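Q: Mapping the sequence shown onto my numbering, position 74 (from 1) lands on 705, and the numbers just tick up by one. Where a beta carbon is used, it is the ideal one built from N, C-alpha and C, also for glycine. Please read all numbers here as calculations on a predicted model, not as lab measurements. Got a structure for you, written out below as C-alpha cells; questions coming shortly.
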Amino acid sequence: LPERFNFHLRNVEIASYPLRPEFIESTYFLYRATKDPFYLHVGEMVLKDLQSYTRVECGYASVKDVLTKKLEDRMESFVLSETFKYLYLLFDTEHIFNKLDDNFVFTTEAHIFPLTAQYWKKTWKHIDNFTCNAYKNPKKLTPSILERPDADLARELVGFE
C-alpha cells in the first residue's frame, strides 16, 4: 500500500510504505465484527506480500517505492509491535484476546488496555454464549464480500484487473 493514492487521478502520490499497521488493524477488527472470511483472505494476501517483498535477513524492510518494490534499510518498531500483532491475532482465533468480548480496548500503539468493572457491559454478563447480531449472516445479504460483484473494485480502480 502506498502512503497516499489518489483515486480520482488513479495514481500514487506518495509511493513509500513503512509497513504501517492501520490497514491490517482495520482488517482484524472488521473480521472480529463480521466473521466474514474475506478478511482472512485479505490478511493472508498481506502476509504473503510482506514475506515476498519486504522480508530481509534481519527482519522486514520498509518499502521505499511500492511501484519498483525498492526497499529501505530500516524497519520501524511498529512493524513488530503493531502490524504483526494484528496479523497474529487475525489468524489465532483461539487467542484469549479473541475470546474476550468487549471489556478491553487496544491503545493506539496496540497495547491491551483492560477496562475496569465500572465500564463493563453488565447486561451481557448473564447471557451465555452471547453473539452479536453482526456475526450472523442475514439470508437476504451476500454471505461474504468475496461473492459480491464489486469485490475487486479497488483492484480495478488502480488498474490491476
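Start and end of the beta strand (DSSP E) containing residue 635?
A: Per DSSP, residue 635 belongs to the beta strand (DSSP E) from 635 to 637.
Q: On the CB-based measure, 16 or more other CB atoms within 10 Å of its CB, does residue 690 come out buried or exposed?
A: Flag for residue 690 reads exposed.
Q: Is the CB-CB distance between residue 658 and residue 670 below 8 Å?
A: Contact flag set, yes.
Q: So, helix, strand or coil for residue 707, using DSSP?
A: It is coil, neither helix nor strand.
Q: So the candidates are 681, 672 and 663; which of them puts its Cα closest to the Cα of residue 632?
A: Minimum Cα distance to residue 632 is reached at 681.
Q: Note the first and the last residue of the continuous beta strand (DSSP E) segment covering residue 644.
A: Counting along the chain, the beta strand (DSSP E) containing residue 644 begins and ends at 642 to 645.
Q: Out of 726, 735, 722 and 707, state which residue places its alpha-carbon closest to the alpha-carbon of residue 667.
A: Checking every option, the nearest Cα to that of residue 667 belongs to 722.
Q: Thinking just about the alpha-carbon of each residue, which of 697, 737 and 673 is nearest to the one in residue 644?
A: Of the listed residues, the one whose Cα sits closest to residue 644 is 697.
Q: May I have the straight-line CA-CA distance separating residue 701 from residue 647, to the nearest angstrom?
A: Distance between the alpha carbons of residue 701 and residue 647 is about 9 Å.
Q: Verify whether the separation of the beta carbon atoms of residue 652 and residue 713 is less than 8 Å.
A: Yes, these two residues count as a Cβ contact at 8 Å.
Q: Please report the distance separating the alpha-carbon of residue 704 from that of residue 693.
A: Rounded to the nearest angstrom, the two C-alpha atoms are 7 Å apart.
Q: Starting from the C-beta of residue 677, find all residues in its chain whose C-beta is less than 8 Å away, skip the five residues before and the five after it, and write them out in chain order.
A: These residues qualify, in order along the chain: 654, 655, 658 and 718.
Q: Verify whether the separation of the beta carbon atoms of residue 745 and residue 735 is less than 8 Å.
A: Contact flag set, yes.
Q: Within the continuous alpha helix (DSSP H) that includes residue 696, where are the two ends?
A: Unbroken run through residue 696 is the beta strand (DSSP E), 694 to 696; no alpha helix (DSSP H).
Q: Let me check one thing: in DSSP terms, what residues is residue 662 bridge-paired to?
A: DSSP, once it has assigned bridges, lists no residue as partnering residue 662.
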